[in-house]
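Numbering (the working numbering), first residue to last: 11 to 553.
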């Protein structure tokens, strides 16, 4: 009996942490479906893009947001493949991405627990840092994105923590090295910006004068980029996914990358105040690495991991995005917590001994843990509070759009700027006006000549029956306005907006007869809308 208890007790940090994770997700799930009239929705429209693409791949053999042709709409080809496999096994279901995320989250917590045990971390500290990972990454909120970010964290952490021992060994295990090469491809296939992690690892191997390993890791990391790029160009699209090309900081700022303004933009991106929650772990990691250098050599696993985090975080903050519901930087937060925990682990006493010789060291360690906690606790608290409201945003806006189109315009040409939920809920000919799944639109945006005439031509050429867009998005940021011959019929406005890009969607038609039908359809559908959706426009006029 004692033996059984002993074998279970060593897993207590993992058991407690994963129980806390599941209970937190259950609480958020219950609150979300309660406010959404029993319907489960994600916190963004983006996961529905992947779900629609996976649906079309399974049902029609098409890699696209609709069944009519290829669209290069995702920078996570691996996630679409994973969803497609799950759909083929269990059927097309809205819960599949959510269940996958909970599964990957559980795997991640077990991996983190195992890493801490590998470095002989005391159980109490193991549990503390596991809870940091759960709430500050934040894993529960990421589960409700329905996207690839938890899988990304799993792969990046495995890649980092397998590479560190290999770098420390004079004669590394060949099997581990092959696993590392496979992971180099997978981390990039799950998100393209993970090339930064691959680049840093390759650079460390290069510094160690292991040139072949450096080149092979970098080369295998590029395989998914070239494989997808060739496939995309064969279909007449760009080499890189549209989601990368049209959403870079240079395109959004309308600035040339190789220019003085481009350099200034990169510096400003690095110094963005939104990066504060990354800056503090970054400073802690840098200070810890300097401290460790006083007594340790470079080729020490904790030092390598700290170097990897510092390099990856710095490059990401310079050239990539953060934010958008805690997603883009989530892998950095997880990697930072793990590497800092491993970096201070050997200095953590099992029981603090407050004698005169140890008090300064104990205080320093407590301050590091406290500062890490304070820098991220707001992130964890806000994410927990925002999940139900964010799901309600999508329920009120994109999900209702999908139900409306399914009821009245199934199989028709429909123009949208949010193409996810509508294409997942029903089958339409999707005419994207934002460029994510529209090749001509993305070309015009890249050439900085996307005009009112362009969107007018696109909608007429595709015989669009209804247009649902953020009107102010086009007036303020894209084309400078809406075509004057479009007939505006009505608007839906949501409250307490968190994740939807704007709170108001407008409904247009380009033909008088279509406008009459749209008016009738909106009037008929109005009673089905959630009561907190504020409706306005011609269709609300009394007969």
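No residue lacks a Cβ here, since even glycine has one placed at the ideal position from N, Cα and C.
Item: Using CA coordinates, which residue listed in 135, 24, 200 is at the minimum distance from residue 352?; Value: 135
Item: Are there 16 or more other CB atoms within 10 angstroms of the CB of residue 437, so buried, or fewer, so exposed?; Value: buried
Item: Ordered along the chain, which non-local residues of its own chain (more than five positions away) have a Cβ less than 6 Å from that of residue 126?; Value: 136
Item: Can you check the region 479-544 for any beta strand (DSSP E) of at least 3 residues that lies completely inside it and give the ranges in chain order?; Value: 497-503, 514-519
Item: Suppose you measure from the CA of residue 75 to the CA of residue 523; what does that come to, to the nearest Å?; Value: 28 Å
Item: At which residues does the beta strand (DSSP E) containing residue 432 begin and terminate?; Value: Counting along the chain, residue 432 falls outside any beta strand (DSSP E), though it belongs to the alpha helix (DSSP H) covering 430-435.
Item: Runs of 4 residues minimum, wholly inside the region 434-462: which ones carry the alpha helix (DSSP H) assignment?; Value: 449-456
Item: Please classify residue 445 as buried or exposed, where buried requires at least 16 neighbouring CB atoms within 10 angstroms.; Value: buried
Item: Applying the criterion that 16 or more other CB atoms from any shown protein chain within 10 Å of the CB defines a buried residue, is residue 359 buried or exposed?; Value: exposed
Item: Which residues does DSSP pair with residue 423 in a beta bridge?; Value: 439
Item: Determine the DSSP secondary structure at residue 6, reduced to helix, strand or coil.; Value: Because the chain is modelled from 11 through 553, residue 6 falls outside the range shown and cannot be assessed.
Item: Buried or exposed for residue 100, going by 16 or more other Cβ atoms inside 10 Å?; Value: exposed
Item: Are residue 475 and residue 423 closer than 8 Å when you measure CB to CB?; Value: yes
Item: Near residue 224, which residues of its chain fall below 6 Å by C-beta distance, leaving aside the five closest residues on each side in sequence?; Value: 212, 215, 216
Item: Count the other CB atoms, across all protein chains shown, that sit within 10 Å of the CB of residue 396; report buried if there are 16 or more and exposed otherwise.; Value: buried
Item: Just list the residues that DSSP pairs residue 476 with in beta bridges.; Value: 424
Item: Going by beta-carbon coordinates alone, are residue 518 and residue 502 separated by less than 8 Å?; Value: no
Item: Can you list, in chain order, the residues of its chain whose CB lies under 6 Å from that of residue 34, leaving out five sequence neighbours each side?; Value: 150
Item: Within the chosen definition, does the region 379-394 reach the region 140-159 through at least 3 CB pairs nearer than 8 Å?; Value: yes
Item: Check whether the region 290-303 touches the region 319-339, taking contact to mean three or more Cβ pairs, one atom from each stretch, closer than 8 Å.; Value: yes
Item: So what does residue 546 bridge to, in DSSP terms?; Value: 501
Item: As an exercise, report each continuous alpha helix (DSSP H) stretch of at least 4 residues that is fully enclosed by the region 127-193, in chain order.; Value: 133-146, 149-153, 159-178
Item: May I ask which residues mark the beginning and end of the alpha helix (DSSP H) holding residue 286?; Value: 286-303
Item: Considering residue 245, what are the terminal residues of the alpha helix (DSSP H) in which it resides?; Value: It is not in any alpha helix (DSSP H) - residue 245 carries neither H nor E in the DSSP assignment.
Item: Could you check whether the region 460-474 touches the region 401-419, counting it as contact only if at least three pairs of C-beta atoms, one from each stretch, sit closer than 8 Å?; Value: no
Item: Can you give the Cα-Cα distance for residue 173 and residue 190, rounded to whole angstroms?; Value: 7 Å
Item: Distance, Cα to Cα, residue 355 vs residue 165?; Value: 23 Å
Item: Kindly indicate the opening and closing residues of the alpha helix (DSSP H) around residue 77.; Value: Taken as a continuous stretch (DSSP letters only), residue 77 belongs to no alpha helix (DSSP H), as it is neither H nor E.
Item: Are the CB atoms of residue 389 and residue 159 nearer to each other than 8 Å?; Value: no
Item: Going by C-alpha distance, which of 348, 138, 131 is nearest residue 291?; Value: 348
Item: Is it true that the CB of residue 77 sits closer than 8 Å to the CB of residue 97?; Value: no
Item: Hey, quick one: how far does the alpha helix (DSSP H) through residue 353 stretch, first residue to last?; Value: 340-355
Item: Within the same chain, show all residues whose beta-carbon is closer than 7 Å to that of residue 43, passing over the 5 residues directly before and after it, in chain order.; Value: 49, 50
Item: Would you say the region 487-496 touches the region 532-545, given that touching needs at least three Cβ pairs under 8 Å?; Value: no
Item: Sorted by chain position, which residues of the same chain lie with C-beta nearer than 7 Å to residue 205's C-beta, five sequence neighbours on each side aside?; Value: 198, 231
Item: Among the candidates 428, 391, 394, whose CA atom is the shortest distance from the CA of residue 409?; Value: 428
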